[in-house]
Every structure is written in C-alpha cells, then in structure tokens.
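To start, the structure itself, in structure tokens.
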Amino acid sequence: MIHLSENFTYRKLLRFALAPALMMICVSVYSIVDGIFVSNFVGQDAFTAVNLVFPYIMILGAVGFMFGAGGAAIVSKTLGESKNQLANQYFTLITVVTAGSGVVLAVAGILLLRPVMQWTGTSEQVMPLCVEYGTIILCALPCFMLQNMFQSFFSTAQKPRLGFVFTIASGLANVVLDALLVAVFKVGLKGAAIATAASQCVGGIAPVIYFACKNGSLLRYVKFRWYGRVILKTCTNGSSELVGNIAASVVSMLYNKQLLKLVGDEGVDAYGIMLYVQFVFVAIFIGYCLAVTPVVGYNYGAQNRAELQSLLGKSFRIIGVTSLVMTGLCFALARPLALLFVSGNAELCDMTQHGMYLYSICFLLAGFNMFGSAFFTALNNGLVSAVLSFSRTLVFQILCIYVLPLFFGLDGIWISTAVAEALSLVLMVAMFICNNKKYGYFSRKVKADA
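Note that the sequence shown covers residues 9 to 458 in our numbering.
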C-alpha cells in the first residue's frame, strides 16, 4: 500500500494513479456500451436519443463530482493535520448530503426532461425516445451521484484499487444487462436504460456498504453532526468540478443544437461518437487527477512544499507524454472507431472520421488544463480552480462554437474544442504564475528520486 505521506517517485506516482485511471477508463467504456448496443440493435433514432439525453444526465450527476472533489480535498487536508476522527465525520456528512441531493435532483430532472429536450431542438420523432430513456436513468440518479463522489474518496482512503474493483462490477452489470435486454430479449431502448440504471446502483451502493463496515482504509462512517461550514467549503472547493462537468454537458447540448441546424441528426450522431472517444481518452487525465489531488491536499495540509513542487513537475511531464500518445492513437483509430458505430452508413462514417481528425488536436492540451484546475482544488483554492474550469469548459467553448463555424463551417465545430483548450492553457499558465508566491510550487528546484 502506498501512503499519502510518502515521497512520490515517478514509479510510485504512476502506481498510485493506475487504478483510478483504469477505473475512469472503465466507466467511460461502459458508458459507451449503451451507444454500441443501441446503434446496432435498436436503430439510429434511438442512438440519437441517447446522445441527446446523455449530456442532461451528466449535468445533474455533476453534483456528485462536486461533493467528491471538494470533499476529498478537505478530508485529505484534515488527515494531513492528523485529525482522523474529524476527517471521518466530514466524510460521513458529505455522503449523506450527496444522497439527499440526488433524490431532489432526480425528481426535478424528470419534471424538466421534456422541456430541456425541446430547447435542444429535438424532433417529435425522437422526443418520446428521449423521455423514455431519460426517465428510467434519472430514477437511479442518487446512486449515480454517489458513484461519482466515491471516485475521489477511494484515493483519499488509500484504496484506489478497491475503487477499480467496484467500477468493474458496475460496468460488468451494464454490459451483461445490455446484452440480455437489448440484444437477446429485444427490449429496445428501455432495456438499455434499465441496464445503465442498474449498473449505477451497483457503483453507488456497494461503496456505501464497504465504508459502513469495519475496513482497513483511512475512512469509515461514524456518528457525525452538522458542519455547515464544511458543506459550504466542500461546495465552493468542488465548484470547479461542478462547473466543469455542467459546462461540458451544456456545451455538448449546444454542439448538438448547432449540428442539428447545420447537418441534422447525422451531425449529432457523429459528434456523439467523438464524445465517446473523448470519454475514454480524457478519462486517463481524470483518473490521474483523482489520484494526485488527495496527495497534493495531504502535503499542503502538512506544509510540505518540497513534495508539492516535486508532484507538480512530475505530473506535467507525465501528462505531456500521455497527451502525445493519445493524440496519435486517435488519428490512427479514427476510421475503426467510426465503423464500430455506423458501419452501415458510409457518408456518416466519413463525416465522423474527418471530424475526429480535427477534434483530436484537443488531446494535446486538455490534460494540462484539467490537472491545473484539480491542483488548485487540492490546495483548497476553489476560486482559482473554478475560474479555470469555467473558462475552459464554458466561456471559451461557447465563444468558439458560435464564432468558428462562421468562418470554417462544419469544420469550425470540430476544431472548437482544440481552440478553446489553447485559450485555456494560456489562462492556466497565468494563474500558476500569479499564485506561486502564495504556495511556492515554483520557488526552488527540488531534487527528487525518479
């Protein structure tokens, strides 16, 4: 077991990040399963419905990421201050608040589902499918939010591999049920929705049972009282993750709205395939950030500036190499990935392949921007983290979505994300420079074992 208090060499850092990264990759792959089964066994209208509803579900589920990222930073900092019992009280409180928020948002989400789909420009033909698919999945929203929350806390508990195990169990439930309900028993889109909801229940409830029992991790559920300031700090500190996930989903809906105007349902399908690829590739960065955030938070609480500097430098180098590899893979796999979803539609396949070539440029920069926001979250600086995330996922994206197509047409849509990432990188560098005096992560060169 690797402890948060250790000196992290490259080897230890990669080992510690491996399980969360694999966990997020699995989550992403399993989320794609619905799309593959629906596109091949139900039909294009159903596939379009899945792509239209998915961003809406992610907006509501993003609250779980907020409680997870913001809460993990607070709990890990408290552990670094050697206040273990208090850390467990905070953890218990955050879990209860997350579950309660999920119930409220599930009800609101179901009531607003049809109006939101109408706003995106969904056709009358696809609308009933959107309502059917979305309503079933929203019933499991409390579990989905808990699943998102626990993704951050497994690393804090020094049990990243356990998080991977629960993710595998959740994903296998989704795959098996999709195969049975959609491919074998021909339940259709409703079967895909049931499979996803059931898998989210597995991913959300199993960790609750683990932490409620006696275990060997740093965290467990204990008696607690209301800490209003902790919940407020959790929300503000995790606001960047909330804003980032909501903004990304809103932007996806705006992409769909623009594509419906430019090329119709086929544009939505092509973009949906690109998003599936993005989920898998970006999942590596998300997993790495989930692993490193509690380590940064712990060392910040322990006032170990030397380790903070070492972690920052190593992380940038790891992300740089990973970014190059992923961009190359996206270029190489563009055609096979397009054929996986739309092999029977040559025109849509060509559109998807061309769009993926342009879209993949964003992977060169996305990892740096995501880590920058997560790093400031770990330092309990929710404001800077939120500014970075909000600018990257919403402001720059919307600007590019509406401006670039005026000059480049459909290609302007495909390159919007890459241009937005470039603008975000400039802002991130500026924020690191401006806050260096406060945190000292660039102040002196630290020698660390590789």
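The C-beta atom is built at its ideal place from N, Cα and C for all residues, glycine as well.
Residue i and residue j look like a contact to me (Cβ under 8 Å); what is the Cβ gap, rounded to whole Å?
| i | j | result |
| --- | --- | --- |
| residue 154 | residue 162 | With 8 Å as the limit, residue 154 and residue 162 do not qualify as a contact, their Cβ atoms being about 12 Å apart. |
| residue 365 | residue 339 | 6 Å |
| residue 69 | residue 152 | 5 Å |
| residue 383 | residue 433 | 14 Å between Cβ atoms; not a contact. |
| residue 520 | residue 95 | Residue 520 falls outside the range modelled here, since the chain spans only 9 to 458, and no answer is possible. |
| residue 334 | residue 398 | Wrong, their Cβ atoms sit about 24 Å apart, outside the cutoff. |
| residue 409 | residue 226 | Not a contact, Cβ separation roughly 43 Å. |
| residue 295 | residue 25 | 7 Å |
| residue 371 | residue 424 | Residue 371 to residue 424, Cβ: 14 Å. No contact. |
| residue 111 | residue 150 | 5 Å |
Excluding the five sequence neighbours on either side, which residues of its own chain have a C-beta within less than 6 Å of the C-beta of residue i, listed in chain order?
| i | result |
| --- | --- |
| residue 305 | 81, 84, 85 and 386 |
| residue 359 | 278 |
| residue 291 | 32, 33 and 36 |
| residue 280 | 59 |
| residue 256 | 401 |
| residue 207 | 178, 181 and 182 |
So is the beta-carbon of residue i under 6 Å away from any non-hydrogen atom of the ligand ZN?
| i | result |
| --- | --- |
| residue 369 | Annotation note on the ligand ZN: not contained in the displayed structure, which lists no ligands. |
Let's see if you can read the secondary structure: which residues bound the alpha helix (DSSP H) around residue i?
| i | result |
| --- | --- |
| residue 67 | 52-88 |
| residue 245 | 236-245 |
| residue 443 | 424-447 |
| residue 354 | 354-367 |
| residue 372 | 371-386 |
| residue 97 | 92-127 |
| residue 172 | 168-186 |
| residue 317 | 313-350 |
| residue 301 | 273-309 |
| residue 417 | Careful: residue 417 lies outside any alpha helix (DSSP H) and carries neither H nor E. |
| residue 198 | 197-220 |
| residue 390 | 390-398 |
| residue 140 | 135-146 |
| residue 149 | 149-164 |
Tell me whether residue i is buried or exposed, calling it buried when 16 or more other Cβ atoms sit within 10 Å of its Cβ.
| i | result |
| --- | --- |
| residue 352 | exposed |
| residue 97 | buried |
| residue 453 | Model confidence at residue 453 stands at a pLDDT of 49, short of 50, so the residue's coordinates are unreliable; what they give is reported in the following sentence. Looking at its Cβ environment, which holds fewer than 16 other Cβ atoms inside 10 Å, residue 453 is exposed. |
| residue 442 | exposed |
| residue 21 | buried |
| residue 178 | buried |
| residue 402 | buried |
| residue 113 | buried |
| residue 411 | exposed |
| residue 79 | buried |
| residue 132 | exposed |
| residue 373 | buried |
| residue 182 | buried |
| residue 414 | exposed |
| residue 445 | exposed |
| residue 220 | exposed |
| residue 238 | buried |
| residue 395 | buried |
Less than 8 Å between C-beta atoms, sequence neighbours within five positions excluded: which residues of the same chain meet that for residue i?
| i | result |
| --- | --- |
| residue 440 | 380, 449 and 450 |
| residue 126 | 135 |
| residue 11 | 166 |
| residue 202 | 144, 185, 189 and 195 |
| residue 455 | Residue confidence for residue 455 is low, a pLDDT of 43 falling below 50, so the modelled location carries little weight; the figure read from the coordinates is stated next. Answer for residue 455: no residue qualifies. |
| residue 319 | 16, 21, 300, 303, 304 and 307 |
Thinking C-alpha only, which one of the options is nearest residue i?
| i | options | result |
| --- | --- | --- |
| residue 247 | 34, 392, 133 and 32 | 392 |
| residue 421 | 329, 332, 259 and 78 | 259 |
| residue 346 | 91, 275 and 224 | 275 |
| residue 72 | 109, 122 and 168 | 109 |
| residue 211 | 176, 301, 318 and 268 | 176 |
| residue 229 | 235, 239 and 217 | 217 |
| residue 156 | 271, 331 and 74 | 74 |
| residue 361 | 343, 369 and 269 | 343 |
| residue 119 | 65, 90 and 129 | 65 |
| residue 240 | 436, 426, 395 and 105 | 105 |
| residue 129 | 61, 77, 199 and 174 | 61 |
| residue 253 | 271, 426, 23 and 378 | 378 |
| residue 337 | 164, 316, 117 and 369 | 369 |
By Cβ distance, which residues of its chain are closer than 7 Å to residue i, with the 5 residues on each side in sequence left out?
| i | result |
| --- | --- |
| residue 284 | 40 and 43 |
| residue 172 | 27, 30 and 31 |
| residue 431 | 404 |
| residue 197 | 46, 50, 54, 57, 137, 140 and 141 |
| residue 363 | 278, 282 and 422 |
| residue 205 | 144, 145, 147 and 148 |
| residue 14 | 20 |
| residue 419 | 366 |
| residue 269 | none |
Counting only C-beta atoms, is residue i closer than 7 Å to chain C at any point?
| i | result |
| --- | --- |
| residue 337 | Among the protein chains of the structure shown there is no chain C, as only one such chain exists. |
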